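Novice:
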Amino acid sequence: MTWAELLTPKCSGLFDSHSREVINTLATAPVPLIASFGGGLNSSAGLVLLYKLSVRPDAILFAD
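So for the sequence shown, our numbering puts the first residue at 423; every next one is plus one.
#1: Can you list, in chain order, the residues of its chain with a C-beta nearer than 7 Å to that of Pro479? Leave out the 5 residues immediately preceding and following it.
#2: Could you tell me the boundaries of the alpha helix (DSSP H) in which Leu463 lies?
#3: What are the boundary residues of the beta strand (DSSP E) that Ala457 is part of?
#4: Along the chain, where does the beta strand (DSSP E) containing Ala481 start, and where does it finish?
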C-alpha cells in the first residue's frame with residue numbers, strides 16, 4: 423500500500439476535488455513522500471499526524 427492510499431481515506435475531508443485527482447495519480451505511481459519541517463506548530467503537527475498514521479516519510483527537509 424502506498425502512502426497516498428493510506429492517507430486518502432483518513433484525510434478525505436481535507437482535500438478538494440483537484441487534490442483528490444492528484445492523490446489518485448500519486449497512488450498509481452511510486453512517488454517519494456517528502457515532508458517539510460520548519461520547526462513550527464503546523465509542520466510539527468504534520469509530522470505527528472504522519473507518525474500516528476504509521477506513515478514514514480522518505481525524507482524530511484529542514485532549512486534554517
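Note that CB positions come from ideal geometry on N, CA and C, so glycine has one too. Nothing here was measured: the structure is a model prediction, and the numbers come from that model.
Specialist: According to the data block:
#1: Leu455, Ile456, Ala457, Leu472
#2: 463–474
#3: 456–459
#4: 481–484
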